[in-house]
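> Quick one: this structure, given as structure tokens, is what I'll be asking you about.
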Amino acid sequence: MSLKNLLNDWSHYRKGIEDGGFYEYEHMWGMVVDLNKCTGCNACSVSCYSENNLAVVGKDRMMKGQGLHWLRLERYWDEPDMGGDDKEFQERGGSFLPMMCQQCNAATCEVVCPVAATYHTPDGLNAQIYNRCIGSRYCSNNCPYRLRYFNFYSYYEESWPEPLNQQLNPDLSVRDKGVMEKCTFCIQRIRTGKDKAAREGREVRDGDVVTACAQSCPTQAITFGDLLDKDAQVTKLWKSHQVELGKTKQNKSDEDLRGYRVLEGLNTDPCVMYLDRVREV
Amino acid sequence: MLVSDYINSRQRRVGRASIKRSLAALFALMIGLGGMMSVSSVHAEVPNAVPPKGDHQGEDVPQPIEFPHDIHADINGINCMYCHTYARRSKVAGIPPTSKCMGCHSVIATDKPRIQKLTEYWENKESPQWNKVHDVPDFVHFTHEKHLQRFVFNNEGMDVDNVSEVCAFCHGDVKKMTVAHKVKPLNMGFCVRCHEANEGPSDCWKCHK
Numbered sequence: 002m003s004l005k006n007l008l009n010d011w012s013h014y015r016k017g018i019e020d021g022g023f024y025e026y027e028h029m030w031g032m033v034v035d036l037n038k039c040t041g042c043n044a045c046s047v048s049c050y051s052e053n054n055l056a057v058v059g060k061d062r063m064m065k066g067q068g069l070h071w072l073r074l075e076r077y078w079d080e081p082d083m084g085g086d087d088k089e090f091q092e093r094g095g096s097f098l099p100m101m102c103q104q105c106n107a108a109t110c111e112v113v114c115p116v117a118a119t120y121h122t123p124d125g126l127n128a129q130i131y132n133r134c135i136g137s138r139y140c141s142n143n144c145p146y147r148l149r150y151f152n153f154y155s156y157y158e159e160s161w162p163e164p165l166n167q168q169l170n171p172d173l174s175v176r177d178k179g180v181m182e183k184c185t186f187c188i189q190r191i192r193t194g195k196d197k198a199a200r201e202g203r204e205v206r207d208g209d210v211v212t213a214c215a216q217s218c219p220t221q222a223i224t225f226g227d228l229l230d231k232d233a234q235v236t237k238l239w240k241s242h243q244v245e246l247g248k249t250k251q252n253k254s255d256e257d258l259r260g261y262r263v264l265e266g267l268n269t270d271p272c273v274m275y276l277d278r279v280r281e282v
Numbered sequence: 002m003l004v005s006d007y008i009n010s011r012q013r014r015v016g017r018a019s020i021k022r023s024l025a026a027l028f029a030l031m032i033g034l035g036g037m038m039s040v041s042s043v044h045a046e047v048p049n050a051v052p053p054k055g056d057h058q059g060e061d062v063p064q065p066i067e068f069p070h071d072i073h074a075d076i077n078g079i080n081c082m083y084c085h086t087y088a089r090r091s092k093v094a095g096i097p098p099t100s101k102c103m104g105c106h107s108v109i110a111t112d113k114p115r116i117q118k119l120t121e122y123w124e125n126k127e128s129p130q131w132n133k134v135h136d137v138p139d140f141v142h143f144t145h146e147k148h149l150q151r152f153v154f155n156n157e158g159m160d161v162d163n164v165s166e167v168c169a170f171c172h173g174d175v176k177k178m179t180v181a182h183k184v185k186p187l188n189m190g191f192c193v194r195c196h197e198a199n200e201g202p203s204d205c206w207k208c209h210k
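Residue numbers (the working numbering), protein chains in the order written: chain R, 2 to 282; chain V, 2 to 210.
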């Protein structure tokens, strides 16, 4: 069963690359994060916590690397020669990089799961099935982005004591200990959007599905949509920055185009494109 | 609609129901006489569907009022979706508000103890705290809407009046029960076998969340 799934996923993917279009997929959910607009306010991360029932683990466990932030904001200080004398806290401040699961098409986590708890959906998403997960943590070790998080403890009573359990989102489960979890591109919202479209008897349109992070971003740095939809905002952005799926290196006509995918040289083929930050030197 | 029209239409409806009932009784009598079958009702077939198989013996779930599904759905022939309105448009089938009960029971069967109990709830502005019978685990996403669309509304040759046959796929023959009982296992094997037989989606994330 698991081997069959795996081989199906891979042949599906190979076909997508060779045909140059991933036509066999129903959707190909993708994202664009404009780092020029990102102010590092963490609103995306907070909204992710509340949308996806993420447990607040506390400082000690966070320091041990047991945090459960599906969307984390990475902070990078600028080059030392750009600021003042203080090497640790520089005048020019830091740059921020929101990192959520990159939903790789050739996901390195999928191939190592011994029980096929992670697989590729017909939507081009990298799915994690909590019930099937046995907590081997191979996937987390094989993820080059370190975007998979393991439940080392059971947080239900600790993180949501009464009456805070009322804030839990009923559209997805509360994970228990021993289970790996990761960003799902808000699968519950995708499901709702698709159901709504089906009820109205039409195709899913751009804007039907908005992830929690994209919705809460005050500067609208995050754009979410279907990469197979030609009219979608994301598709236009990917096209205008000449970034394509299924490539390890992009052929750009202009060096100044800002679009890039993180670690795409590893051939993970992620579905998240970042737009590089431009600063005055 | 005028009040007189309403009363007329109501009388007509009651009249039709009683004719239907007497016909059903006659039919049952004939079958009984013939000795051909032991069941008194004949199930309508659901077109383009393979009903799921599997039985389960659920525990008794106590309810604040012993609601008789048989009197409502079978004897009076009320459509399931008259009370469970949300089934066709949302994830949950929905429990009707007490006002819906009182819509009929402010005049019908007001002398019965169960109705008096209901009226008491209504006058105290409380809702009966019904207990859940068919409870799927929290990690399962099940939507009534999609299933009803597939088997009833987008199903050619399916009469909406027979919707109880579709409900019976997972809820059993509620028409013959008083308080609902869980008689189908509703586990993953039960769901998946039906999805395979009826070509439903097999993607994990369609149902797991």
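Glycine is no exception: its CB is placed at the ideal position from the N, C-alpha and C atoms.
How close, in whole Å, do the beta carbons of V/VAL51 and V/ALA198 come, if the pair is a contact with beta carbons under 8 Å?
For the purposes of this step, residue 51 of chain V is identified with residue 50 of the second sequence, where counting begins at 1. For the purposes of this step, residue 198 of chain V is identified with residue 197 of the second sequence, where counting begins at 1. Confirmed, about 4 Å.
> Roughly how many whole angstroms lie between the Cα atoms of R/VAL58 and R/TYR157?
By one-based count along the first sequence, residue 58 of chain R stands at place 57. By one-based count along the first sequence, residue 157 of chain R stands at place 156. Roughly 11 Å separates the two Cα atoms.
> Can you find a C-beta in chain R that's less than 8 Å from the C-beta of V/PHE215?
This structure leaves residue 215 of chain V out entirely; chain V is present only between 2 and 210.
> Have a look at R/GLN167 and R/LYS250 and give me their C-alpha separation to the nearest angstrom.
The sequence position of residue 167 of chain R within the first sequence is 166, counting from 1. The sequence position of residue 250 of chain R within the first sequence is 249, counting from 1. The alpha-carbon atoms of R/GLN167 and R/LYS250 are separated by roughly 47 Å.
> With a threshold of 16 other CB atoms inside 10 Å of the CB of V/LEU27, please say whether the residue is buried or exposed.
Residue mapping note: residue 27 of chain V aligns to position 26 of the second sequence, counting from 1. Confidence at V/LEU27 is low in this model, with a pLDDT of 44, below 50, so its placement is unreliable and the value that follows should be read with caution. Counting Cβ neighbours within 10 Å, V/LEU27 comes out exposed, since fewer than 16 surround it.
> Any contact of the region 261-270 of chain R with the region 113-125 of chain R, i.e. 3+ C-beta pairs under 8 Å?
These segments do not touch.
> Are the C-beta of V/ASP75 and some C-beta of chain R separated by less than 8 Å?
Counting from one through the second sequence, the residue named residue 75 of chain V turns up at place 74. Answer no: the Cβ-Cβ gap between V/ASP75 and chain R never drops below 8 Å.
> Is there at least one Cβ from chain R nearer than 8 Å to V/ASP136's Cβ?
Within the second sequence, the letter at position 135 stands for residue 136 of chain V. V/ASP136 does not count as touching chain R.
> Closest Cβ-Cβ distance between R/GLN103 and chain V: below 8 Å?
What you label residue 103 of chain R is simply residue 102 of the first sequence in a count that begins at 1. No, R/GLN103 lies away from the interface with chain V (no Cβ there is under 8 Å from its Cβ).
> On the CB-based measure, 16 or more other CB atoms within 10 Å of its CB, does R/ASN127 come out buried or exposed?
Here residue 127 of chain R refers to the residue found at position 126 of the first sequence. Its Cβ being crowded by 16 or more others within 10 Å, R/ASN127 is buried.
> Nearest to R/SER155 by alpha carbon, out of R/SER96, R/ARG62, R/TYR14, R/GLN243?
The residue given as residue 155 of chain R occupies position 154 in the first sequence. Nearest C-alpha to R/SER155: R/ARG62.
> Count the other C-beta atoms from every protein chain shown that fall within 10 angstroms of the C-beta of R/GLU19, then say buried if there are 16 or more, exposed otherwise.
Against the first sequence, residue 19 of chain R aligns to sequence position 18. Exposed, because fewer than 16 other Cβ atoms sit within 10 Å of the Cβ of R/GLU19.
> For V/GLU67, which option in V/ASP204, V/ASN155, V/ASN80, V/TRP131 has the closest C-alpha, if you only look at C-alpha atoms?
For the purposes of this step, residue 67 of chain V is identified with residue 66 of the second sequence, where counting begins at 1. The shortest Cα separation from V/GLU67 among V/ASP204, V/ASN155, V/ASN80, V/TRP131 belongs to V/TRP131.
> By a C-beta neighbour count over all protein chains shown, 10 Å radius and 16 as the cutoff for buried, is R/ARG280 buried or exposed?
Within the first sequence, the letter at position 279 stands for residue 280 of chain R. Exposed, since its Cβ has fewer than 16 Cβ neighbours within 10 Å.
> Mind checking whether V/VAL153 and V/VAL167 have CB atoms under 8 Å apart?
Position 152 of the second sequence, counted from the start, is the residue given in the question as residue 153 of chain V. Position 166 of the second sequence, counted from the start, is the residue given in the question as residue 167 of chain V. For V/VAL153 and V/VAL167, yes; Cβs fall inside 8 Å.
> State the DSSP-derived secondary structure class of R/THR224, mapped to helix, strand or coil.
Counted from its first residue, the first sequence places residue 224 of chain R at position 223. Here R/THR224 sits in strand by DSSP.
> Just to make sure I have the definition right: I need the residues of chain R whose C-beta is within less than 7 Å of the C-beta of V/PHE140. Which are they?
Translated into the one-based positions of the second sequence, residue 140 of chain V becomes position 139. Going along chain R in sequence order, the residues near V/PHE140 (Cβ under 7 Å) are TYR131, ASN132, SER174.
> When the cut-off is 8 Å and only beta carbons count, does R/THR212 lie next to chain V?
For the purposes of this step, residue 212 of chain R is identified with residue 211 of the first sequence, where counting begins at 1. No, R/THR212 does not count as interfacial toward chain V.
> Give a yes or no on whether the minimum CB-CB distance between V/LYS177 and chain R is below 8 Å.
On the second sequence, position 176 is the one that residue 177 of chain V refers to. Chain R, which has no Cβ nearer than 8 Å to the Cβ of V/LYS177, makes this no.
> Less than 8 Å between the beta carbons of R/GLY95 and R/ARG76, yes or no?
As a working mapping, residue 95 of chain R is identified with position 94 in the first sequence. As a working mapping, residue 76 of chain R is identified with position 75 in the first sequence. Contact flag set, yes.
> Would you say V/CYS208 faces chain R, with C-beta separation under 8 Å as the test?
Locating residue 208 of chain V in the second sequence gives position 207, counting from the first residue. V/CYS208 does not count as touching chain R.
> Could you work out which residues of chain V lie near R/PRO115, taking near to mean beta carbons separated by less than 9 Å?
Taking the first sequence and counting its residues from 1, the one referred to as residue 115 of chain R is at position 114. Under the 9 Å cutoff, chain V gives no residues; its nearest Cβ is about 16 Å from R/PRO115.
> Runs of 4 residues minimum, wholly inside the region 139-209 of chain R: which ones carry the alpha helix (DSSP H) assignment?
If we require 4 residues or more, the alpha helix (DSSP H) runs fully inside the region 139-209 of chain R come out as 139-143, 157-160, 188-200.
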